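One structure is given here, and the rest of the page talks about it.
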Amino acid sequence: MENKNAKKRIFDFCLLLLAICMVVGVARRFGALQAEAGEPTAAFSVEVLWEGVDAETADCLLAGETVRTETGAVFGSVQAIRRTPHQAVFYQEGRELRATFPEGTAEDVYLTLSVSGRRSGQILFREDGTAVLVGQKLRLYSLRATLDLTVLSA
Amino acid sequence: MKREKRPLGLFDWCILTLVAALAAFGAFGFWKYSKTVAPQVELECLLRLPASAKTVDFAIGDEVRNENGTIFFGRVTGVASRPSETMFLRDGVPVYETVEGLTETELTVRMVAEKGEDYRVGDVRVSAGGKGTFRIGGALVSGVSLIRLEEVTEDGE
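Top to bottom, those sequences are chains A and B.
If you count by the numbering used here, then the first sequence holds residues 1 to 154, one letter each, in order.
If you count by the numbering used here, then the second sequence holds residues 1001 to 1157, one letter each, in order.
Right under this line is the structure:
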């Protein structure tokens, strides 16, 4: 008799544990249990460089477009685009030589992205908690282009 | 001795109701999101092959497929070849000139892709700035850059 009661209690406990796990899963899915879930987010400007891009490829990115990560999560939106001819750097006999590519060939594209997040100290954190750091390499995607970026300021 | 049947108590009913509600919620969410179908659009893409000393003949109508040939991207609608230009040092001075003996080939390809957050053919994202290996006609070509892509509008532009 005691054995039967013990088995029933274990079954009830397992059911309860399953229900709690499902509730926790749903809550995490909707961000309710994130540590900073209650803190307001703001839009921050992040400057990034898309270096040595073919001019026709750079034409595939437009201001106002949303840029996303590999998983499809929104990283931010393009606020401003500034394009300059790309510079090639050569080293010969200890000297650094620089030359600019002709216009319409290779370009350096400076982007200002609007990223939603919160700042903790000097570090910008996106809504999902990942940090955006100066010097960081990012691969982001707009509707038509793959962007290999370097963060210049955040 | 008859086996005693223990009726379900209030606590048991609460847990079972909660589990059933969560399962129904999950099923609804799966059903709702799986019904989304991305529209199909026609794209015109410019592919640039790596500069090469060898001449490979590509023809209009050649099929463009992924590396192992399982995904059909589209067909070649235009072929253009020109001497390769790049930046290099000549007598210690950087110059931007054609490189003798090297030819660059650009192919215009039309394809049908699904348009969602990006353009996809099968599960493969199609976007400018990417590089990959393609099977073009009978040739396997690596280092192919997708330079530009645009949607083809109804008037053919």
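Using N, Cα and C, we set each Cβ at its ideal position, and we do this for glycine too.
These numbers were taken from a predicted model, which means no experiment stands behind them.
9 Å Cβ cutoff, arginine 156 of chain A in contact with chain B = Given that chain A is displayed from residue 1 to residue 154, the structure contains no residue 156 of chain A and the question cannot be resolved.
Practice item. Output the boundary residues of the alpha helix (DSSP H) element that contains glutamate 56 of chain A. Key: 55-58
Against chain B, which members of the region 71-100 of chain A pass a CB distance test of less than 7 Å?
Gly72, Ala88, Phe90, Gln92, Leu97 and Ala99
- With 9 Å set as the bound, which would you pick, yes or no: does the beta-carbon of glutamate 51 of chain A sit closer than that to a beta-carbon of chain B? no
Do we get a CB-CB distance below 9 Å when we pair valine 151 of chain A with the residues of chain B? In terms of beta-carbon proximity, valine 151 of chain A stays away from the interface with chain B, with every pair separated by 9 Å or more.
Cα-Cα separation, threonine 69 of chain A to glycine 76 of chain A: 9 Å
What are the residues that DSSP puts in a beta bridge with methionine 1111 of chain B?
-> B:Leu1043 and B:Gly1074
Could you compute how far the alpha carbon of threonine 150 of chain A sits from the alpha carbon of leucine 113 of chain A?
12 Å
- Query: Would glutamate 1157 of chain B count as contacting chain A if we go by Cβ distances under 9 Å?
  - Reply: The predicted model places glutamate 1157 of chain B with a pLDDT of 47, which falls under 50 and marks its position as unreliable; any figure quoted below should be read in that light. No, because no Cβ of chain A sits closer than 9 Å to the Cβ of glutamate 1157 of chain B.
- [ ] Alpha carbon to alpha carbon, how far is valine 1124 of chain B from threonine 66 of chain A? Give it in angstroms, no decimals.
- [x] Roughly 20 Å between the two C-alpha positions.
From the DSSP output, in three-state form, read off valine 1037 of chain B for me. coil
Q: Flag this pair as touching only if the region 1098-1112 of chain B and the region 1004-1024 of chain B have three or more C-beta atom pairs under 8 Å; answer yes or no.
A: Not touching, per the Cβ criterion.
| message | Just checking: is the beta-carbon of glutamate 107 of chain A within a distance shorter than 9 Å of some beta-carbon in chain B? | response | no
- Hey, valine 46 of chain A and serine 153 of chain A: beta-carbon distance below 9 Å or not? yes
| Ends of the beta strand (DSSP E) at phenylalanine 75 of chain A? | 74-85
### Message
In the DSSP output, which residue or residues are listed as bridge partners for lysine 1131 of chain B?
### Response
Residue pairing from DSSP places lysine 1131 of chain B in a beta bridge opposite B:Ser1145.
Q: Could you tell me the boundaries of the beta strand (DSSP E) in which alanine 106 of chain A lies?
A: 106-120
Quiz prompt | Euclidean distance between Cα positions of glutamate 1157 of chain B and glycine 135 of chain A | solution = Residue placement at glutamate 1157 of chain B is flagged as unreliable, the pLDDT there being 47, under the threshold of 50; the coordinate-derived value follows with that caveat. Their Cα atoms are separated by approximately 40 Å.
* Are any of the Cβ atoms in chain A nearer than 9 Å to that of glutamate 1150 of chain B? -> yes
Using three-state DSSP, classify alanine 1059 of chain B as helix, strand or coil. coil
* CB arginine 1135 of chain B to CB valine 1064 of chain B, shorter than 9 Å? -> yes
To the nearest angstrom, how far is it from the Cα of tyrosine 1096 of chain B to the Cα of glutamate 1085 of chain B? Rounded to the nearest angstrom, the two C-alpha atoms are 7 Å apart.
Using 8 Å as the threshold, is the region 1103-1121 of chain B in touch with the region 1038-1050 of chain B, meaning 3 or more CB pairs across them? yes
What residue range does the beta strand (DSSP E) around valine 1152 of chain B cover? Valine 1152 of chain B -> no beta strand (DSSP E), and no H or E assigned at all.
Just to make sure I have the definition right: I need the residues of chain A whose C-beta is within less than 7 Å of the C-beta of serine 1127 of chain B. Which are they?
Tyr141, Arg144, Ala145 and Thr146
Buried/exposed call for tryptophan 1031 of chain B, threshold 16 Cβ in 10 Å = The C-beta of tryptophan 1031 of chain B has fewer than 16 other C-beta atoms within 10 Å across all chains shown, which makes the residue exposed.
Any idea what DSSP makes of leucine 140 of chain A, helix, strand or coil? strand
Notebook entry, point to check: How big is the Cα-Cα spacing for cysteine 1068 of chain B and lysine 1115 of chain B?
Noted result: Note that residue 1068 of chain B is asparagine in the sequence shown here, rather than cysteine. If I take the Cα positions, the gap works out to 24 Å.
Euclidean distance between Cα positions of aspartate 148 of chain A and alanine 1139 of chain B:
Going by C-alpha positions, aspartate 148 of chain A is about 29 Å away from alanine 1139 of chain B.
Quiz item: Just checking my contact of arginine 144 of chain A with serine 1127 of chain B at CB under 8 Å: how many whole Å lie between their CB atoms?
Solution: 6 Å
Interface residues of chain A around glycine 1130 of chain B at Cβ under 9 Å? Ala145 and Thr146
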